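Some notes on the structure that comes next.
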Amino acid sequence: MITLMYSGFNIGSGAGGFIAAGMLPNLGWKAVLFLGGLLPLLMLPLLMWILPESTLYMVVRNQHKDKIARILRRAGGVFSAGTTFVLKTPVIAKKARVLQLFSNGYAKGTLVLWLTYFMGLFVIYLLNGWLPTIVRGAGFSLERAAIIAGLFQLGGTIGGLLVGNLMDRFVAKRVIALFYLMGMCCLLAQGVWGFGPTALAVLVFISGVCINGAQTGLQAFSPAFYPTEMRATGVSWMHGIGRSGAIISSSLGGVLLGMFPGATSIFIILATPALLAAITIINHQHARPAERIKGIGLNDLPALSRTMNNR
Numbered sequence: 000m001i002t003l004m005y006s007g008f009n010i011g012s013g014a015g016g017f018i019a020a021g022m023l024p025n026l027g028w029k030a031v032l033f034l035g036g037l038l039p040l041l042m043l044p045l046l047m048w049i050l051p052e053s054t055l056y057m058v059v060r061n062q063h064k065d066k067i068a069r070i071l072r073r074a075g076g077v078f079s080a081g082t083t084f085v086l087k088t089p090v091i092a093k094k095a096r097v098l099q100l101f102s103n104g105y106a107k108g109t110l111v112l113w114l115t116y117f118m119g120l121f122v123i124y125l126l127n128g129w130l131p132t133i134v135r136g137a138g139f140s141l142e143r144a145a146i147i148a149g150l151f152q153l154g155g156t157i158g159g160l161l162v163g164n165l166m167d168r169f170v171a172k173r174v175i176a177l178f179y180l181m182g183m184c185c186l187l188a189q190g191v192w193g194f195g196p197t198a199l200a201v202l203v204f205i206s207g208v209c210i211n212g213a214q215t216g217l218q219a220f221s222p223a224f225y226p227t228e229m230r231a232t233g234v235s236w237m238h239g240i241g242r243s244g245a246i247i248s249s250s251l252g253g254v255l256l257g258m259f260p261g262a263t264s265i266f267i268i269l270a271t272p273a274l275l276a277a278i279t280i281i282n283h284q285h286a287r288p289a290e291r292i293k294g295i296g297l298n299d300l301p302a303l304s305r306t307m308n309n310r
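Residue numbers (numbering that gives the first Met the number 0): 0 to 310.
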């Protein structure tokens, strides 16, 4: 379910490429940016109305028993009136500090998550930002370049669902590492051999399946590493470090294209961070046993069991 949720990002990004391909010739780039800014604003009231708070967070803070039961009933739970939900995790007295991410056996796992997420977003955002330019430099039209860029994100939608399904069946970190490795192979293939438009589009799509799929799987993998009282801090810092990779890659893309001219060189360069992401995540170690829940019914929820135990 987590990978399904994150696949929405790839669906939107992929659709954006196809929409931009249709809008650019007639309306120009300003209309594309206007639409991209308007849609999130239209979604804001809807999300504020229907998006629930984390049930684990509410349990730890001893909040809204009836609301917790109502949310969990959607997941198939059956609870009597007045049910009290309890975790072994102590009630949070204050916000978790970033230093806690490097104590009690969490340091190595935290650094592994940071480095993997950094490398993954480095590849994804460099391709997102510069793939149309790279494709145009190979002699394709602007519309075709936008479509090929959209295929990269569209592949991520399928990859996210596939990775999520495999993570529930096999060791999660091995699945993520395998997809990073397959993405690396696709990037190398694009860099070593020259391809026509159809073959390039297929390889870009498969690269999206692998790289974006692995990145989506990592977002589902990381929350279960931390206990509830540290989870928001741990995942937020991982995302923050990863975004720095996205920022650096966006800026570095132009430099790399200037230093290594040609449409193929950039793919060979990007194979390195994809390989590093695979190597780091395969060395991740789960620092704690799966959090056992004492409250009624909570320990039977699939979302809190398979991915947490399938390390």
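We treat Cβ as the ideally placed atom computed from N, Cα and C, and that holds for glycine.
Note that this is a predicted model, so its numbers are computed, not measured.
Closest Cα partner of MET181 within the set THR156, VAL208 and PHE33: Closest by alpha carbon: VAL208.
Nearest-angstrom beta carbon gap, GLN214 and GLY128 [assumed within contact, 8 Å]: Contact flag wrong, Cβ pair sits at about 16 Å.
Alpha-carbon spacing of SER221 relative to ILE278, whole angstroms: Cα to Cα, SER221 sits roughly 16 Å from ILE278.
Beta-carbon contacts of VAL111 that lie in its chain and below 7 Å, excluding the five residues immediately before and after: Counting only Cβ-Cβ distances below 7 Å, and skipping sequence neighbours, we find THR279, ILE280, ASN282 and HIS283.
Check whether LEU23 and ALA145 have beta carbons under 8 Å apart: Their beta carbons are under 8 Å apart, which means LEU23 touches ALA145 by this criterion.
Contacts around VAL122, its chain only, beta-carbon distance under 6 Å, and the 5 residues preceding and following it disregarded: The residues are ILE210, LEU269, PRO272 and ALA273.
At least 3 beta-carbon pairs within less than 8 Å: the segment 151 to 161 vs the segment 192 to 207: These segments touch.
Test item: CB-CB of GLY233 and THR109 under 8 Å: Yes; because the gap between Cβ atoms is below 8 Å, this pair is in contact.
Alpha-carbon spacing of ILE18 relative to MET229, whole angstroms: Each residue's alpha carbon lies about 40 Å from the other.
Exposure of THR115, with buried meaning 16 or more beta-carbon neighbours within 10 Å: Buried: at least 16 other Cβ atoms inside 10 Å.
Helix, strand or coil at GLY138 according to DSSP, with G and I counted as helix: The answer is coil: DSSP assigns GLY138 none of H, G, I, E or B.
Where ASN164 falls: helix, strand or coil (DSSP): Here ASN164 sits in helix by DSSP.
Three-state secondary structure (DSSP) of PHE259: PHE259 falls in the coil class under three-state DSSP.
Backbone CA spacing between ALA198 and ARG73 [nearest angstrom]: Near 44 Å, if we compare the C-alpha coordinates of ARG73 and ALA198.
Proximal residues to ALA245 (C-beta, below 6 Å), its chain only, five neighbours per side dropped: Counting only residues of its own chain and dropping the five nearest sequence neighbours on each side, ALA245 has a CB closer than 6 Å to the CB of LEU120 and TYR124.
Alpha-carbon to alpha-carbon, GLY216 and VAL162: Roughly 6 Å between the two C-alpha positions.
Distance CB(THR227)-CB(TYR105) smaller than 8 Å: For the 8 Å CB-CB criterion, THR227 and TYR105 do not form a contact.
Inter-residue Cα distance where the pair is PRO311 and LEU71: Given a span of 0 to 310 for the chain in the structure shown, any question on residue 311 remains unanswerable.
Buried or exposed by the 16-neighbour rule on C-beta atoms within 10 Å, applied to VAL170: Burial call: exposed.
Proximity test, Cβ basis, 8 Å: ASP65 and chain C: Included in the structure is just one protein chain, with no chain C present.
Burial state of ILE292 (16 or more Cβ within 10 Å): The pLDDT assigned to ILE292 is 37, lower than 50, so where the model puts this residue is not dependable, and the model offers no usable value.
Residue of TYR179, PHE178, LEU187 and MET166 minimising C-alpha distance to ALA313: Past the boundaries of the shown model lies residue 313; the chain is included only from 0 to 310, so the question cannot be answered.
Alpha helix (DSSP H) runs contained entirely in the segment 171 to 239, provided each spans 4 or more residues: Taken in chain order, the whole alpha helix (DSSP H) runs of length 4 or more contained in the segment 171 to 239 are 171 to 191 and 196 to 220.
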